[in-house]
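Chemist:
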Amino acid sequence: MDKPIVAIVGRPNVGKSTLFNRIIGRKEAIVDDQPGVTRDRKYADAEWQQAFFTLIDTGGYIPRTGDVIETGVTAQVRYAMDEADLILYVVDATTDITDVDGDVAELLRKGGKHCILVANKADNPARELDAARFYRLGLGEVMPVSAIGGRGIGDLLSAVTAHLADLDFAPSAPPLDDAVRIAVVGRPNAGKSTYINTVLGEERLLVTETPGTTRDAVDVRFRTRGRDVLFIDTAGLRRRKRVSEDVEFYSTLRTRRAIAGCDVACVFVDVTEGPTQQDMHVLNEVIERRKGIVVVVNKWDVIADDPHQVWLYRQNLDQKMQGLDYVPVLEISCKSGLRVKRVLRMALDVAAEREKRIPSPDLNRLIEAFHRHYQPPAVRGKRIRVMYGAQIGVKPPLFSFFLNYPELLKPEYKRYMENRLRREFGFRGVPVSMLFRKK
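For the sequence shown, the numbering used here begins at 94 and goes up steadily by one.
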């Protein structure tokens, strides 16, 4: 990390995600009155008066619980506290000190990390006075703020930057972001978070057997093969009519936003359940957005030793992916590590294909070959001829072809042109758009 790290911690429902959104200046984290919405660590760049730092939002700390998700969330909070240079410990100014507040305070004292005690929901002077009770936690000065209204945020950030100024970090602006953005999408419990943890070699994301563990889109940045990569772990996409609660609605919304903002989407399919119609809905959504695509069939070890099951699955998948021959399919197992490394390599290759630009002379030589091998059939006595073409866009690739009667060109010939274009120039895993204009 080239910037200091500031982690926001505290018990559930004290307003940590609201404070996170307030500091970074946008609604990045899902906020809801329901406790336990945030589960994974969420990172974002923040700036105050030319001081730059990385801010981490965490789930609610629950020290003694038998729930597997709550246990995992608490572990994620500990990871964030370990890597942070400064901790913002958030408490609720509208309540008295709870046992969990005391447990977190004790943990911070033992950890030895510098901490700022933030009493959130202090929306008026009376609540600011009530916040004085938290001096009993023994963590020094209490800073009353209102994350939802912005009250006291400037003073808090000034205290943050004053502490960070003592650390050995150069106060430089963050570099321009040219990272390859790879969204990991699919239905719930297809192994998306497990895959990212496997690639990183650490428990970066919370993983349980409970479907829907991931609630928000979580960015994970790293560097490989000489390029910066931004993995976006997303909540499982469900059909719209099955999205019942507010949190799930916003999770789905953030997932679709992640697809819209990525370069390549790795669509995860669970071999024990798919390919289902919902898997195809997810795949079609990526295609409609004109993003690069890699289909990843996870948990392959379950059927790998049964040739008949393998044959049946591949036949079923081929049938459902008719017309999508250009989409690469990788069969992996995050559990055993089978072909896991190929997914990232393939995603980076697809990202490069999406940036490819074909010189106009090469494209027009191919147009001449179109006519030599398959002349467009005449329509109502009119002979159709494609005169020339040019690539007018990348990311996604966009081609414009000029012809005498574009309105008469049949879909069959358009598919033929696309297939020849792919055979000649590649574009594996990349939807190609073609415009047909009158010469």
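C-beta atoms are modelled at their ideal positions from N, C-alpha and C, and glycine is treated no differently. Quick caveat: nothing in here was measured; it's all calculated off a predicted structure.
State the CB to CB distance for the pair Met-236 and Leu-260, rounded to an integer number of angstroms; the pair is presumed to be in contact (CB under 8 Å).
Modeler: Taking the first residue of the sequence shown as 1, we reach residue 236 at position 143. Taking the first residue of the sequence shown as 1, we reach residue 260 at position 167. Rounded, the Cβ-Cβ distance is 20 Å, inconsistent with contact.
Chemist: Rounded to whole angstroms, what is the Cα-Cα separation between Leu-456 and Asp-418?
Modeler: As a first step, residue 456 must be located in the sequence shown, where it is residue number 363. As a first step, residue 418 must be located in the sequence shown, where it is residue number 325. Those two C-alpha atoms are separated by around 22 Å.
Chemist: Does the stretch 244-255 touch the stretch 132-149, meaning 3 or more C-beta pairs lie closer than 8 Å?
Modeler: Three or more beta-carbon pairs drawn from the stretch 132-149 and the stretch 244-255 are found closer than 8 Å, and the two stretches are therefore classed as touching.
Chemist: Excluding the 5 residues preceding and the 5 following Asp-196 in the sequence, name in chain order all residues of the same chain whose CB lies nearer than 7 Å to its CB.
Modeler: Taking the sequence shown and counting its residues from 1, the one referred to as residue 196 is at position 103. So the list reads Pro-156, once near-sequence residues are dropped.
Chemist: In this structure, does DSSP put Gln-371 in helix, strand or coil?
Modeler: Here the question's residue 371 lines up with position 278 in the sequence shown. Three-state DSSP puts Gln-371 in a helix.
Chemist: Using three-state DSSP, classify Phe-520 as helix, strand or coil.
Modeler: For the purposes of this step, residue 520 is taken as residue 427 along the sequence shown, with counting starting at 1. Correct three-state label for Phe-520: coil.
Chemist: When burial is assigned at 16 or more other CB atoms within 10 Å of the CB, is Gln-484 buried or exposed?
Modeler: One-based indexing of the sequence shown puts residue 484 at position 391. Around the beta-carbon of Gln-484, 16 or more other beta-carbon atoms lie within 10 Å, marking it buried.
Chemist: By how many angstroms is the C-alpha of Arg-316 removed from the C-alpha of Val-277?
Modeler: In the sequence shown, the residue the question calls residue 277 occupies position 184. In the sequence shown, the residue the question calls residue 316 occupies position 223. Val-277 and Arg-316 have their C-alpha atoms some 17 Å from each other.
Chemist: Are the stretch 429-438 and the stretch 501-519 touching, with three or more C-beta to C-beta distances below 8 Å?
Modeler: no
Chemist: When burial is assigned at 16 or more other CB atoms within 10 Å of the CB, is Lys-96 buried or exposed?
Modeler: Translated into positions along the sequence shown, residue 96 becomes position 3. Result: buried.
Chemist: The beta strand (DSSP E) that contains Lys-109, what's its start and end?
Modeler: In the sequence shown, the residue the question calls residue 109 occupies position 16. Where Lys-109 is concerned, there is no enclosing beta strand (DSSP E), although the alpha helix (DSSP H) it sits in stretches over 109-117.
Chemist: Taking its Cβ as the centre, do 16 or more other Cβ atoms sit within 10 Å of Pro-469, making it buried, or is it exposed?
Modeler: As a working note, residue 469 is residue 376 in the sequence shown. Buried, by the Cβ-count rule.
Chemist: Say whether chain B places a C-beta atom closer than 7 Å to the C-beta of Leu-179.
Modeler: Of the protein chains in the structure, only one exists, and it is not chain B.
Chemist: If Leu-293 and Val-313 are in contact, beta carbons under 8 Å, what's the gap, nearest whole angstrom?
Modeler: Counting from one through the sequence shown, the residue named residue 293 turns up at place 200. Counting from one through the sequence shown, the residue named residue 313 turns up at place 220. Indeed, because the Cβ distance is near 7 Å, the residues count as touching under 8 Å.
Chemist: When the Cα of Ile-352 is compared with those of Thr-111, Val-379 and Lys-488, which residue comes out closest?
Modeler: The count along the sequence shown starts at 1 and reaches residue 352 at position 259. Residue Val-379 is the option with its Cα nearest to Ile-352.
Chemist: List, from N- to C-terminal side, the beta strand (DSSP E) runs of 3 residues or more that fit wholly inside the stretch 183-260.
Modeler: 208-213 and 235-237
Chemist: By how many angstroms is the C-alpha of Asp-192 removed from the C-alpha of Val-184?
Modeler: Along the sequence shown, one-based indexing puts residue 184 at 91. Along the sequence shown, one-based indexing puts residue 192 at 99. Going by the C-alpha atoms only, they are around 12 Å apart.
Chemist: What first and last residue would you give for the beta strand (DSSP E) that runs through Leu-491?
Modeler: Counted from its first residue, the sequence shown places residue 491 at position 398. That run of the beta strand (DSSP E) goes 491-496.
Chemist: Does Leu-222 pass the burial test, meaning 16 or more other C-beta atoms within 10 Å, or should it be called exposed?
Modeler: The sequence position of residue 222 within the sequence shown is 129, counting from 1. Leu-222 comes out exposed.
Chemist: Give every residue of the same chain whose Cβ lies closer than 8 Å to the Cβ of Leu-423, excluding the five residues on either side of it in the sequence, and list them in chain order.
Modeler: Residue 423 sits at position 330 when you count from the first residue of the sequence shown. These residues qualify, in order along the chain: Val-387, Val-388, Val-389, Val-390, Arg-432, Arg-435, Val-436 and Met-439.
Chemist: Answer yes or no: do Tyr-182 and Val-170 have a C-beta to C-beta separation smaller than 7 Å?
Modeler: As a working mapping, residue 182 is identified with position 89 in the sequence shown. As a working mapping, residue 170 is identified with position 77 in the sequence shown. In this structure, Val-170 does not lie closer than 7 Å to Tyr-182 by Cβ.
Chemist: Between Val-102 and Ile-190, which are expected to be in contact by the criterion C-beta below 8 Å, what is the C-beta distance as a whole number of angstroms?
Modeler: Counted from its first residue, the sequence shown places residue 102 at position 9. Counted from its first residue, the sequence shown places residue 190 at position 97. Between Ile-190 and Val-102 the Cβ distance is about 16 Å, and since that is not below 8 Å, they are no contact.
Chemist: Express the C-alpha separation of Ile-325 and Glu-121 in angstroms, rounding to a whole number.
Modeler: For the purposes of this step, residue 121 is identified with residue 28 of the sequence shown, where counting begins at 1. For the purposes of this step, residue 325 is identified with residue 232 of the sequence shown, where counting begins at 1. Their backbone Cα atoms lie some 13 Å apart in a straight line.
Chemist: Classify Pro-513 as helix, strand or coil using the three-state DSSP reduction.
Modeler: In the sequence shown, counting from the first residue as 1, residue 513 sits at position 420. Per the sequence shown, the amino acid found at residue 513 is Arg instead of Pro. Reduced to three states, the DSSP call for Arg-513 is helix.
Chemist: Secondary structure at Val-124, three-state DSSP: helix, strand or coil?
Modeler: Taking the sequence shown and counting its residues from 1, the one referred to as residue 124 is at position 31. Here the model assigns Val-124 a pLDDT of 48, short of 50, so the residue's position is not dependable, and the following value carries that caveat. Here Val-124 sits in coil by DSSP.
Chemist: Gly-519 to Asp-399, Cα distance in whole Å?
Modeler: For the purposes of this step, residue 519 is taken as residue 426 along the sequence shown, with counting starting at 1. For the purposes of this step, residue 399 is taken as residue 306 along the sequence shown, with counting starting at 1. Whole-angstrom Cα-Cα distance: 33 Å.
Chemist: Measuring alpha carbon to alpha carbon, tell me which residue in Pro-105, Arg-134 and Val-443 is nearest Val-99.
Modeler: For this step, residue 99 is matched to residue 6 along the sequence shown. Closest by alpha carbon: Arg-134.
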